[in-house]
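>
Number of protein chains: 2
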Amino acid sequence: MTLQDRVHAAIRADILAGRFRPGQRLKIRDLAASLDTSPMPVRAALQRLVAEGALEAEALRSVRVPALSRAGLENLLPVRLALEGLAAEAAGARIDAAGIATLTAGVARMDQALGAHDFAAYLTENSQFHLTLYRAAGNPVLLRMIEQLWLQAGPAFTWLVTSDDLSPRLNSFHRDCLAALADGDGRAARAAIEADLRYFGQHLLMLLDLDPAHRNA
Amino acid sequence: MTLQDRVHAAIRADILAGRFRPGQRLKIRDLAASLDTSPMPVRAALQRLVAEGALEAEALRSVRVPALSRAGLENLLPVRLALEGLAAEAAGARIDAAGIATLTAGVARMDQALGAHDFAAYLTENSQFHLTLYRAAGNPVLLRMIEQLWLQAGPAFTWLVTSDDLSPRLNSFHRDCLAALADGDGRAARAAIEADLRYFGQHLLMLLDLDPAHRNA
DNA sequence: ATTTCTTATCTGTGATCACAGAATGCGTCA
DNA sequence: TGACGCATTCTGTGATCACAGATAAGAAAT
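If you read the protein sequences in the order shown, they are chains Z and G.
Quick note, the first sequence lines up with residues 1470 to 1686 if you use my numbering.
Quick note, the second sequence lines up with residues 1470 to 1686 if you use my numbering.
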């Protein structure tokens, strides 16, 4: 693995973990210093993240972490419904017992995180659950697109959600999905995932309106 | 616009026009020489195209134009149906008279290309028609994803389709779509686009099986 | 005190160089 | 004649330097 791959992974993780403020400008030399490399691999990593939609660039300016906006979230939701719904339905026809066991364990860990009001752990487990499910669809082209969507949606999760937003209802959709998968009912699995995304998406929009700091853009 | 943007656009156009053979390795210094620049902007452009899914990279090796494969095309089709179907339906609710006029002109040009058995012109116009339609959906996130899909599908079009594959039926789906848009019927527009993609997709798979040169991978 | 113009600094882009791993060609041996 | 091994060449990666456009800071004028 090359150095720019490691740098890319590091910055990508920082974005997903919300370690950069939405709207923040990322400077090549600063990141290079903090990662203890030359500017070169950082330059490549940032350009790659821009191409993946995780950052936005204007010509001859520093790249920016996209600001949260109602329009952005509203545009994202239907695409997520279409792609993640498709993946869930395909997974329903292909997932095996081992896969269902993995997902069941994930749901248990999400219950635990909800009980402990640990929203960081919940978000991590939630992401694991969804991506494991979509991987089971066995379509690399589809999986790649979905990962790009999550990268774009990541900052919204970590910057808007707090412990107060965790409700037991969140995990009920995952349970519905799991039941559908056990029945081999792809259509029901899709419906459960779509309900999950809709519920969470509406919640994010509400949080955005409540939070004056992010109401801009 | 920076130099690497121009280089990116140039190579991207070469890929879409089929000026690179599927499976071909692209070397930084060769492209730099033919584009009369230093290797630097070429390096950046190639990395960007890899991130966009237009090229594939293995670590420490030259990037490759993806080889055509049945699995690749089969994975692409359901994603295209989901995303382009969504965009067509959204466009049905938002497109205005000027947009419909633009699309109508495009259909006329496709008829002309079909009559002249000019498959290059047909493919260009076809791409214009679809992207114009999807732009009318007014969802930048969605449009971005669809453009990535077309970039991945491009080589399959230009390398498998010949004049002998042009049939008047191809344009009938576009006409159906146009009629649906005029009625403001998004559902019907989606159905027409999906039928178009399915028909053309099946045709590509058949051509792939017929062509021994591309049956590999 | 505020605005504006000028200057100094910052920052991304492009070029050149050095290096390491991969690929290729050639010679040797069975 | 064919296969193996070595050496040369090729090729991507990473670092350093030069430059131009943008940004920010400071000084002068109203």
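Built from N, CA and C at the ideal position, the CB exists for glycine as well.
Since this is a predicted model, take the numbers as computed values, not measurements.
How about residue 1516/Z: is its C-beta nearer than 8 Å to some C-beta of chain G?
Chain G contact via Cβ: present.
> Going by DSSP, name the residue or residues bridged to residue 1494/Z.
According to DSSP, residue 1494/Z bridges with 1533/Z.
> For residue 1534/G versus residue 1495/G, is the C-beta distance shorter than 8 Å?
It is a contact, given that the beta carbons lie within the stated cut-off.
> Quick one: is residue 1651/Z near chain G, going by C-beta distance under 8 Å?
Closer than 8 Å: no.
> Nearest-angstrom Cα distance between residue 1633/G and residue 1548/G?
Approximately 27 Å, taken between the alpha carbons.
> Identify each residue in the stretch 1606-1629 of chain Z for which the Cβ-Cβ distance to at least one residue of chain G is less than 9 Å, and report them in chain order.
Per Cβ criterion, the list reads 1607, 1608, 1609, 1610, 1611, 1613, 1614, 1617, 1618 and 1621.
> Could I get the ranges of all uninterrupted alpha helix (DSSP H) runs contained in the stretch 1542-1616 of chain Z, with 4 residues as the minimum, in chain order?
As far as the stretch 1542-1616 of chain Z is concerned, its whole alpha helix (DSSP H) runs of at least 4 residues are 1566-1584 and 1588-1604.
> Quick one, which of 1624/G, 1672/G and 1604/G has its alpha-carbon nearest residue 1487/G's?
Ranking 1624/G, 1672/G and 1604/G by Cα distance to residue 1487/G puts 1624/G first.
> Taking Cβ-Cβ distances shorter than 9 Å, what residues in chain G pair up with residue 1521/Z?
The answer, in chain order, is 1520 and 1521.
> Anything in chain Z within Cβ reach of residue 1548/G, meaning under 8 Å, just list it in chain order.
1552, 1555, 1608, 1610, 1611 and 1614, listed in chain order.
> Going by CA-CA distance only, name the one from 1680/Z, 1540/Z, 1527/Z and 1532/Z that's closest to residue 1484/Z.
Measuring from the Cα of residue 1484/Z, the nearest candidate turns out to be 1532/Z.
> Beta-carbon of residue 1545/G versus every beta-carbon of chain Z: anything under 8 Å?
Interface residue, yes.
> Out of 1540/Z, 1561/Z, 1504/Z and 1650/Z, which one is the CA nearest neighbour of residue 1609/G?
Comparing Cα-Cα distances from residue 1609/G to each of 1540/Z, 1561/Z, 1504/Z and 1650/Z, the minimum goes to 1540/Z.
> When the distance is taken between beta carbons, is residue 1552/Z closer than 8 Å to residue 1674/Z?
No, Cβ-Cβ distance for residue 1674/Z and residue 1552/Z is not below 8 Å.
> Could you check the C-alpha separation between residue 1538/Z and residue 1489/Z for me, to the nearest Å?
Cα to Cα, the separation comes out at about 16 Å.
> With burial defined as no fewer than 16 other Cβ atoms inside 10 Å of the residue's Cβ, what is the status of residue 1575/Z: buried or exposed?
When all chains shown are included, residue 1575/Z counts as buried.
> Are any of the Cβ atoms in chain G nearer than 8 Å to that of residue 1509/Z?
It does not: the Cβ of residue 1509/Z has no partner Cβ on chain G nearer than 8 Å.
> DSSP beta-bridge partners for residue 1525/Z?
Its beta-bridge partners are 1533/Z.
> Give the straight-line distance between the Cα atoms of residue 1479/Z and residue 1503/Z, rounded to the nearest whole angstrom.
Computed Cα separation, rounded: 11 Å.
> How about the stretch 1553-1560 of chain Z and the stretch 1654-1673 of chain Z: do they share at least three Cβ pairs that are nearer than 8 Å?
Segments in contact, yes.
> Could you give the DSSP three-state label for residue 1483/G: helix, strand or coil?
It is helical.
> Does the beta-carbon distance from residue 1630/Z to residue 1666/Z come in below 8 Å?
Contact flag unset, no.
> What does the Cβ neighbour count give for residue 1527/Z, buried or exposed, with the cut at 16 atoms within 10 Å?
Exposed: under 16 other Cβ atoms inside 10 Å.
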